[in-house]
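Novice: Below is one structure. I have some questions about it.
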Amino acid sequence: MNIQIDRSCEKLTEGVIGAAFEVANILGHGFLEAVYRKALLHELVLHGFSTQQEVPFQISYKGAAMGCYVADLVVENRVIIELKAVEGLNGHHVGQLLNYLKASKTEVGLLLNFGKPRLEFKRVLR
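According to the numbering used here, the sequence shown is numbered sequentially starting from 53.
Take a look at the structure:
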């Protein structure tokens, strides 16, 4: 299946990735994920993006609450950001973001890893 995102969402994700590179260039790697989340939130606000942090998404089944996923950041109510500070991204991380996208009915997510000397990122589509 070949899913494409519209140009405005593509520009939005490019802006978020640019902000993430700014954070990575200034802070480097080695901090906890929470430090990068706060720094990226600050950078996104400086760039004029409407951004929320630690946004809960309820999971329900036949009207009953089954649990809750909490996204690190949501930008412009269109892109979910999942941050990591690990040695490398793997399929589990992608699966986690896909679950967030499904639970929130959001089409686009970004997986950002600050745990390496150079920022690692992956755009994920639902």
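All residues carry an ideal CB built from backbone N, CA and C; glycine is no exception.
These numbers come from a predicted model, not from an experiment.
When you compare only the Cα positions, how much space is there between P169 and D124?
Specialist: Approximately 21 Å between the Cα atoms of the pair.
Novice: Where A72 and D58 are concerned, what is the direct C-alpha to C-alpha distance, given to the nearest angstrom?
Specialist: Cα to Cα, the separation comes out at about 21 Å.
Novice: Indicate the three-state DSSP secondary structure (helix, strand or coil) for I57 in the structure shown.
Specialist: Note: I57 maps to coil in three-state DSSP.
Novice: Quick check: what's the CA-CA separation for I133 versus L171?
Specialist: Going from the Cα of I133 to the Cα of L171 covers about 14 Å.
Novice: Let me know the secondary structure DSSP gives R170 once reduced to three states.
Specialist: The answer is coil: DSSP assigns R170 none of H, G, I, E or B.
Novice: Taking Cβ to Cβ, would you say L98 is nearer than 8 Å to L135?
Specialist: Not closer than 8 Å, so no.
Novice: So R175 packs on T65, CB below 8 Å; how close in whole Å?
Specialist: That pair is a contact at about 6 Å.
Novice: From H144 to E128, what does the alpha carbon distance come to, in whole angstroms?
Specialist: Their backbone Cα atoms lie some 26 Å apart in a straight line.
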